[in-house]
Amino acid sequence: MKAVDYSVLFEDNFKVARRCASEGMVLLKNDNELLPLKEGTVTAPVGRDCYNLLKGGGGSADVRSPYVKSLIDGLREIEDSGKISVCSAAVDAYNETNVYDDAVIDEIGRKSDVVLVTISRFSEEAFDRKAEKGDYYLSNEETALFDQLQKCDSVKNIIVILNLAGVTDTSWIESYSKIKSVLLCWLPGMEGGSAIADILCGNVTPSGKLTDTFAKDYFDYPSSLTFVYPYNKTEQRVEYSEDIFVGYRYFETFAPEKVIYPFGFGLSYTKFEYSNIKFESDESKIHISIDVKNVGNFSGREIVQAYVHAPLGELAKPVCELKGFAKTKLLEPNESQTLDISIDIASLASFDDTGATGFLAAYVLEKGIYDIFVASDVRNQIKAGSIYVDETYVVEQLSLKLVNSAVMRMSQDGALVPNVIGNAELDEFNELKCSTNEKIMLKDVADGKATVEDFVAQLSDDQLIELCQAQPPAFPRGTAGVGNLREFGVPNAQTADGPLGLRKTTPTTCFPCPNLMACTWDAELQYEIGKAIGFEGISTKIDILLAPALNIHRDPLCGRNFEYYSEDPLVSGNAATAVVKGVQSQGMAATVKHFAANNKENLRWLSNSLISERALREIYLKGFEIVVKQGKPWCLMTSYNMINGTYASANHNLLTGVLRGEWKYEGAIMSDWRNSVRQFEEILAGENIKMPFGYPDEIALTQEMLQRGVVTRAKLQQTAIPVIELILKTDVFKRNDFGPLHRIKSSGKTSIKAMNLTGVSATWCAAHECLDDDGGYNVAELGKDRRKMDTYIIYRIDVESAGKYELNARIATADDRCFLEYMIDGEKVAEAKFEHKSTAENPYQDWFDVATSIDLPSGEHRFDVMIRTIDEDDLNGISINRIEFSR
Ligand code: BGC
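Just so you know, we're using my numbering here: the sequence shown kicks off at 409 and counts up by one.
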C-alpha cells in the first residue's frame, strides 16, 4: 500500500494558512513609512528568532506540519523575485544566539539598509507564562542586542517582528529611536515566514487589527492582582474581582493612559476615509451603513468597528463595548465600499445579578441614551447615532444559576436530587422502553426505520456506560474515539486536536494561532480555515475536531491564550462560529471548548474561578452563547476548572440549566482529558462523554452508582442519546467505517501492515515513517501509558478456518526485556518472547521476526497485540512493522 502524500493533498490549505497569516498580522508602528520596503532594500536578519520562527504553541495544539518557514525563508523567497536582497554578512554571522561582536554588527549595519529582529515567545497548555525577563519582558540578551544596534552608527533602521503566543511587554519599543516599524505576527503557522515577507515587501498591505489591549506593563492588567503566580499546590482560588472590566472595558474606562496599543488598532500602508454614515433603528435592530474609501496609494482592506456607549444607571458599565464590525474587500486606491453593520438592541443590555435595577436575574436595558459609534479602533470613534430608552425594561428574564452550583442537594424526604436553581429545565426522565423486540442497528435509525429512543432503550446498562465513555484511538498518538458499539453498528468516531489545525502523527497544515485568526476580523477567512481543517479531518478519517477553543484572554499570562481568540466575547464568538460552520460543512464535528472560565493553566485541575454571574454571562459565557446559538456545534468540551466552587463538568446549572435549558444546545458534551471529576457526577450534571478512555475503576464506579440509584437508567439513556446523534451526523457513519477487517486465509500467508489497526491504547503510541519500500508508517515508541497501563494495538480479524497458525511479528527494539502478548476477544492466547539484543546504530531500524504459534477460532474477532515488559516498572520501546499469519 503506497502512503498518501499529504503534502500534495493539502497544498491548497497551505495557501489558506499563508493568506490568513498575512491578513491577521498587525502593523503596530511604521515611522517614516519605512514599510513596505523599497525595491532593492538590503535586509539583515539579526538574532536567533529570525532563523527559527515559532509556528505555534505546544501541548495539544501542536501541529506536525510538513515544514515551517522562518523569516529568513520568507526573505529568500522575495529575494528570488528580485525585490529585495538579504545581507549575507548577517546570514554568515548567525550563531544561534542574540550575541554578536560590535564589529560584526557594524559590518552588518554598513552592508544593509534595515536590520530585522524577531522576538519569539512560546507557550503551551498546563503552564502559565511568567512576568519575568525572557518571557513577558525582554531577556537581558535581547535588551543587549537592541542596545548594541541602537548604539552602532552604521545601523540605520530596525524593524521588529513580534512572534508571540500572547500579549507581551512592548514598552521597550519607544526607547529605541531606530526601531521604525513593528509587525506583530503572533504565532503565524507553518507559512509564517512567507506571510511576513509578503507584508514587509508590500505584496500584501497589512489589515489586521488588535483584538487585545497592549498595556504599558503586565501589572497594569487588573487581573494581575489575582492571577495567582507563583502558585501553591492546593485549590487555587482565582478571584475575578475586575468583574466585567476585562481588557479594553477596563482600560478605556479607568486607565486609558496605561495603554500602548489599544483594542482594535492596526496600521495600514494606505489610508481610509469614512463618509455617508447612515443610522436607522427599529424595535429590535440598529442598522448602520458607512462608506469607506481608500484615499492612499496602496490597495488595502479596512475594518470598521461599532461601539455602544451605554448610559450609566444602577449597573456599572464600561465606557464603551464592541457590538459589531465589518471588513471591506481589497480596495484599490480611490475605490469605495459601503459597509453595513447591524446590531441587536437586546445585545446592548446588561445582566443584573443583584436586583439593583429592580429586575433580578434578567438582561436589562436601563433607561437613557445609547450612543453608537463607528470606529477604526477603540480610540478613534465617530458618532453614528443614538437610541433612547425612556423606561428601564427587561430584555430577557432568566434565573440565577451560576452562583451556588452544588450538583446534588438533599430534599425533604432525604433523597439527593439535582440542584436546580430558578427556572432551569428539570431533568426528570422516564425510563425509555423499546417498542420492538427486534434488534435495532444504528443504520435503522439513520434510515428512519427506528427512533434514537428505541435504539437506546434496547441497550443494557453496561452498553450505555460504554457509549458514554471514550473509546480507543484508531491511530497512533490519537486522542480517543467516541461510539464504537460494533454489535449495534455504531462506528468509532475519532477525535483529534485542535485550534491551529489537526494534530496527528502524519503531516497536516499548521494554521496561524487563533489570536492571529481573530485579528483578521474576517469571518469568510475563518470559515475557510475551518473548512480546510474539516477537509483534512475527513481525508484522514478524523471525525471530531477538538476545536475551536474560545476562552477569554483575561490575563496576558494564561498559557493557552494562543489557542483562544480575544479579550472580547463578540470577537471570540463570531470567529468560533465561522470556524465551526467551516469544519462542519465537511461532515466533521467541531467541539467548542473549554466550557467555561478556563483562563489560567498552572494547576488547572484545581483552579477555582470565582466570578460574578454577571461577568460570567456578559464576558466568559457570551462567546459560547454566540457560537452555540449561531454556529450550532455538534460537540462541546467542558473545562478542568471549578466555577464558583463546582467543577465545570459537574455543574448542573451550567450544563443543563444554561447550556441546554436557556441556549437550547442539543449536541454532545464531553469532559476534558483526565479531569478531576468522576463520570457519574458528570452524568448527573448533563455531560455525555467521559474522556479520554474507559478506565476500569471509572466504569465500576458508574455501575455502582447505578445500582445505588444515584444515577438512574433513565438518566443514562438520556446521556447516551446525544452520543448516538453525534455519530449519526459525522462522516464516519456515512462512510460506514469500522476500520480494516483482515481476512486470515486458511492457507499461505496473510500479512497485516502494523498501521492497519482499528485501535491503540491512548497516549504512548506514535507512528514513525517507514523507511522500507512499502512506505507508510510503523507503529512505534510503544510503552506503558501515564497510568502505567500496558499499551496495545487492536486489529479486527476474520479467520477463514479455525486452527493452528504461525505468527510472525516484524519488530525493532533496543529493549530485550519487552515481549508481545496476543489476545483474542480479550483472552490471552499466546506470547512471544525474544532475546534479540540489537547492536545496530539505530536499533529501531534493526528489524527481526518474533515467531510463535497461535490457535485461531474461525470467524470475526478482536485481536490485540499487547506490549509487555518483564520489569513491571519499566517503560519499553518497540516498533512494529507488520504481523504475518501463515499456515
Ligand atoms: C486539553 C484539551 C485537548 C485534550 C486532548 C487536554 O489536555 O486541555 O484541549 O483537546 O487534552 O488532547
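Backbone N, C-alpha and C fix where the C-beta goes; we use that ideal spot for every residue, glycine too.
Which of helix, strand or coil DSSP assigns to threonine 1046: Position 638 of the sequence shown holds residue 1046. Note: threonine 1046 maps to strand in three-state DSSP.
Ignoring anything shorter than 3 residues or poking outside the region 1125–1189, list the beta strand (DSSP E) runs there in chain order. Secondary structure within the region 1125–1189: the beta strand (DSSP E) runs of 3 or more consecutive residues, fully enclosed, are 1149–1152, 1157–1161, 1174–1177 and 1185–1188 (chain order).
By a C-beta neighbour count over all protein chains shown, 10 Å radius and 16 as the cutoff for buried, is serine 1020 buried or exposed? Taking the first residue of the sequence shown as position 1, residue 1020 is located at position 612. Buried, because 16 or more other Cβ atoms sit within 10 Å of the Cβ of serine 1020.
Using 8 Å as the Cβ pair cut-off and three pairs as the minimum, do the region 665–677 and the region 431–438 touch? Taking 8 Å as the limit for Cβ pairs, the verdict is that the region 431–438 does touch the region 665–677.
Taking DSSP's pairing of strands, which residues face glutamine 644 in a bridge? What you label residue 644 is simply residue 236 of the sequence shown in a count that begins at 1. Glutamine 644 pairs with Ser1015.
Given a threshold of 16 other Cβ atoms within 10 Å of its Cβ, counted over all protein chains shown, does proline 956 qualify as buried or as exposed? Within the sequence shown, numbered from 1, the residue matching residue 956 stands at position 548. Flag for proline 956 reads buried.
Return the CA-CA distance between proline 899 and lysine 1142, expressed in angstroms with no decimal places. The residue you call residue 899 lines up with position 491 of the sequence shown. The residue you call residue 1142 lines up with position 734 of the sequence shown. Using only the alpha carbons, I get a separation of about 10 Å.
Range of the contiguous alpha helix (DSSP H) that encloses methionine 598: Translated into the one-based positions of the sequence shown, residue 598 becomes position 190. Per DSSP, methionine 598 is not a residue of any alpha helix (DSSP H), being assigned neither H nor E.
Output yes or no for whether 8 Å exceeds the beta carbon distance between glutamate 681 and valine 712. As a working mapping, residue 681 is identified with position 273 in the sequence shown. As a working mapping, residue 712 is identified with position 304 in the sequence shown. It is not a contact, given that the beta carbons lie outside the stated cut-off.
Residue of Asp760, Asn1289, Leu1044 and Leu810 minimising C-alpha distance to aspartate 1182: Along the sequence shown, read from residue 1 onward, the residue named residue 1182 stands at position 774. Nearest to aspartate 1182 by C-alpha distance, out of Asp760, Asn1289, Leu1044 and Leu810, is Asn1289.
Out of Pro964, Leu1109, Tyr1213 and Tyr1073, point me to the one whose CA is closest to lysine 1157's CA. Start at 1 with the first residue of the sequence shown, and residue 1157 comes out as number 749. Of the candidates Pro964, Leu1109, Tyr1213 and Tyr1073, the one whose C-alpha sits nearest the C-alpha of lysine 1157 is Tyr1213.
Would methionine 1163 and asparagine 1186 be called neighbours here (beta carbons separated by less than 8 Å)? As a first step, residue 1163 is located in the sequence shown; it is residue number 755 there, counting from the start. As a first step, residue 1186 is located in the sequence shown; it is residue number 778 there, counting from the start. In this structure, methionine 1163 lies near asparagine 1186, with their beta-carbon atoms less than 8 Å apart.
Quick one: does the C-beta of lysine 1001 sit closer than 7 Å to a heavy atom of the ligand BGC? Locating residue 1001 in the sequence shown gives position 593, counting from the first residue. Checking the Cβ of lysine 1001 against the ligand BGC gives yes.
What residue range is occupied by the uninterrupted alpha helix (DSSP H) comprising asparagine 892? Position 484 of the sequence shown, counted from the first residue, corresponds to residue 892. Premise fails: asparagine 892 lies in the beta strand (DSSP E), 888–893, not in any alpha helix (DSSP H).
Tell me whether glutamine 866 sits in a helix, a strand or coil according to DSSP, three-state version. In the sequence shown, residue 866 corresponds to position 458, counting from 1. In this structure, glutamine 866 counts as coil in the three-state DSSP scheme.
Which class does threonine 451 belong to by DSSP, given the choice of helix, strand or coil? Here residue 451 corresponds to residue number 43 of the sequence shown, with the count starting at 1. Three-state DSSP puts threonine 451 in a strand.
Can you name the start and end residues of the alpha helix (DSSP H) that glutamate 557 belongs to? One-based indexing of the sequence shown puts residue 557 at position 149. Glutamate is not the amino acid found at residue 557; the sequence shown has leucine there. Leucine 557 -> alpha helix (DSSP H) spans 548–559.
Apart from the five residues on each side of it in sequence, which residues of its chain come closer than 7 Å, Cβ to Cβ, to cysteine 495? Along the sequence shown, read from residue 1 onward, the residue named residue 495 stands at position 87. Cβ neighbours of cysteine 495 within its own chain (closer than 7 Å, five residues either side excluded): Val450, Thr451, Ala452, Ile516, Lys519 and Ser520.
Pairs of beta-carbons, one from the region 991–1002 and one from the region 1042–1059, closer than 8 Å: are there three or more? Because the criterion of three Cβ pairs below 8 Å is met, the region 991–1002 and the region 1042–1059 touch.
Apart from the five residues on each side of it in sequence, which residues of its chain come closer than 8 Å, Cβ to Cβ, to isoleucine 527? As a first step, residue 527 is located in the sequence shown; it is residue number 119 there, counting from the start. Excluding its 5 nearest sequence neighbours in each direction, isoleucine 527 has C-beta neighbours in its own chain below 8 Å: Asp457, Leu546, Glu550, Val568, Ile569, Leu570, Asn571, Leu572 and Thr576, listed in chain order.
Is aspartate 905 near the ligand BGC, in the sense that its beta carbon is under 7 Å from a heavy atom of that ligand? Your numbering for residue 905 matches position 497 in the sequence shown. Yes, the ligand BGC has a heavy atom inside 7 Å of this Cβ.
Completely contained beta strand (DSSP E) runs for the region 881–949, where each covers 3 or more residues: Uninterrupted beta strand (DSSP E) stretches at least 3 residues long and entirely within the region 881–949 occur at 888–893 and 898–904, given in chain order.
Could you pull out every residue in the same chain whose Cβ sits closer than 7 Å to the Cβ of tyrosine 475, ignoring the five residues on either side in sequence? In the sequence shown, residue 475 corresponds to position 67, counting from 1. Closer than 7 Å at Cβ, skipping near neighbours: Met598.
Minimum C-alpha distance to glycine 1069 - residue among Ala754, Leu965, Lys809 and Leu1134: Reading the sequence shown from its first residue, position 661 is the one you call residue 1069. Comparing Cα-Cα distances from glycine 1069 to each of Ala754, Leu965, Lys809 and Leu1134, the minimum goes to Lys809.
For histidine 1269, does the three-state DSSP call read helix, strand or coil? Translated into the one-based positions of the sequence shown, residue 1269 becomes position 861. In the three-state reduction of the DSSP assignment, histidine 1269 falls in the strand class, which pools E and B.
Over the uninterrupted alpha helix (DSSP H) stretch that includes threonine 1110, give me the two end residues. The count along the sequence shown starts at 1 and reaches residue 1110 at position 702. Residues 1104–1115.
Checking 8 Å against the spacing of the C-beta atoms, do glycine 574 and glutamate 532 come in under that value? Here residue 574 is taken as the residue at index 166 of the sequence shown, counted from 1. Here residue 532 is taken as the residue at index 124 of the sequence shown, counted from 1. Cβ atoms of glycine 574 and glutamate 532: not closer than 8 Å.
For the beta strand (DSSP E) containing lysine 791, name the first residue and the last one. Sequence index remark: in the sequence shown, residue 791 carries index 383 (1-based). That run of the beta strand (DSSP E) goes 788–797.
Going by DSSP, which residues form a beta bridge with serine 589? Sequence index remark: in the sequence shown, residue 589 carries index 181 (1-based). As DSSP reads the structure, serine 589 sits in a beta bridge with Asn438 and Ile567.
Alanine 878 and lysine 1123 - do their beta-carbons sit closer together than 8 Å? As a first step, residue 1123 must be located in the sequence shown, where it is residue number 715. As a first step, residue 878 must be located in the sequence shown, where it is residue number 470. No, the pair does not count as a contact, with Cβ atoms beyond the cut-off.
Alanine 714 versus methionine 996 - alpha carbon distance: Here residue 714 refers to the residue found at position 306 when the sequence shown is read from its first residue. Here residue 996 refers to the residue found at position 588 when the sequence shown is read from its first residue. Distance between the alpha carbons of alanine 714 and methionine 996: 34 Å.
Between valine 772 and cysteine 728, is the Cβ-Cβ spacing less than 8 Å? Indexing the sequence shown from 1 puts residue 772 at position 364. Indexing the sequence shown from 1 puts residue 728 at position 320. With a cutoff of 8 Å on beta-carbon distance, valine 772 and cysteine 728 are scored as not near each other.
Between lysine 446 and asparagine 440, what straight-line distance do the alpha-carbon atoms span, to the nearest angstrom? For the purposes of this step, residue 446 is taken as the residue at position 38 of the sequence shown. For the purposes of this step, residue 440 is taken as the residue at position 32 of the sequence shown. Rounded to whole angstroms, lysine 446 to asparagine 440 spans 12 Å at the Cα level.
Got a sec, what are the start and stop residues for the beta strand (DSSP E) tyrosine 414 sits in? As a position in the sequence shown, residue 414 is number 6, starting the count at 1. According to the DSSP assignment, tyrosine 414 belongs to no beta strand (DSSP E) but to the alpha helix (DSSP H) extending over 414–417.
Out of curiosity, what's the CA-to-CA distance linking lysine 564 and leucine 524? For the purposes of this step, residue 564 is taken as the residue at position 156 of the sequence shown. For the purposes of this step, residue 524 is taken as the residue at position 116 of the sequence shown. Just so you know, the alpha carbons of lysine 564 and leucine 524 end up roughly 11 Å apart.
Determine, using beta carbons only, whether aspartate 1198 and isoleucine 1275 come nearer to each other than 8 Å. Within the sequence shown, numbered from 1, the residue matching residue 1198 stands at position 790. Within the sequence shown, numbered from 1, the residue matching residue 1275 stands at position 867. With contacts defined by Cβ atoms closer than 8 Å, aspartate 1198 and isoleucine 1275 form a contacting pair.
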